[in-house]
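Enquirer: For the sequence shown, the UniProt record's numbering assigns the number 1 to the initial residue and increments by one for each residue that follows.
A virtual CB, placed ideally from N, CA and C, is assigned to each residue, including glycine.
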Amino acid sequence: MDLLHYLAFLPGDILFIAHHLATLFVFVTCRYFVRHGAFALLVLLVLAEVTSLLQNAWTLAGIWRDQSPAAARVYGALSPPFYALYTIVRGVAGPLFLLKMSVFYLSGQAVDVIPWWVRISWIVVVGTAIAVSNVWIWNLWKELFSERKQAMAKKDT
1 MDLLHYLAFL
11 PGDILFIAHH
21 LATLFVFVTC
31 RYFVRHGAFA
41 LLVLLVLAEV
51 TSLLQNAWTL
61 AGIWRDQSPA
71 AARVYGALSP
81 PFYALYTIVR
91 GVAGPLFLLK
101 MSVFYLSGQA
111 VDVIPWWVRI
121 SWIVVVGTAI
131 AVSNVWIWNL
141 WKELFSERKQ
151 AMAKKDT
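1) Would you please state the rounded distance, in angstroms, between the beta carbons of Trp58 and Phe82? I believe it to be under 8 Å.
2) Quick check on the DSSP output: what are the complete alpha helix (DSSP H) runs of length 4 or more inside the UniProt domain "TLC" (13 to 142), in order along the chain?
3) Leaving out five residues before and five after Glu147 in sequence, what residues of the same chain have Cβ atoms less than 6 Å from its Cβ?
4) Got a sec, what are the start and stop residues for the alpha helix (DSSP H) Leu7 sits in?
5) For the segment 108 to 116 and the segment 62 to 80, state whether three or more C-beta atom pairs, one from each stretch, are separated by less than 8 Å.
6) Can you tell me whether Met152 is buried or exposed? The criterion is at least 16 other CB atoms within 10 Å of its CB, across all chains shown.
7) Restricting to Cα atoms, I'd like to know which of Leu3, Leu106, Val103, Val111 is closest to Ser52.
8) Give the C-beta separation of Ile130 and Ser102 to the nearest angstrom, bearing in mind that I take them to be a contact with Cβ-Cβ under 8 Å.
9) Who are the Cβ neighbours of Val89 in its own chain at under 6 Å, not counting the five residues just before and after it?
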């Protein structure tokens, strides 16, 4: 659903669209090609969805913040809790689960049901998605602290 929303309303957000196309690849290969591996993917999906409601509200407020003072206030109020939740879920829990998933798939326990190229592609795709998500949230934290620092300096003058 997020992918369709972005394709229709924010087609310039290439990073978000690419992330969801990669996710679609993982789900399609799991469901239609190997018909195995759903547990790991469902855990990753749950981890992603934990942040979705807050991220959707934050994104919409961000889109409208230049046109609406109320949206700007909502965006400002949602940013710290959203960034914190995102950092914990996708910056800590996600990588820990990826490590566990990688150890399992690389141990050979799934060799009879999931081809090596699928297991490796899932690890690479999920690992890349997590890395890009972490770079994204890190940049948002830097921007937030920079804006807060500028606002504090402005108050002092």
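Expert: So, from the data block:
1) 5 Å
2) 14 to 28, 38 to 64, 69 to 88, 94 to 106
3) none
4) 2 to 9
5) no
6) exposed
7) Leu3
8) With 8 Å as the limit, Ile130 and Ser102 do not qualify as a contact, their Cβ atoms being about 11 Å apart.
9) Leu47, Val50, Thr51
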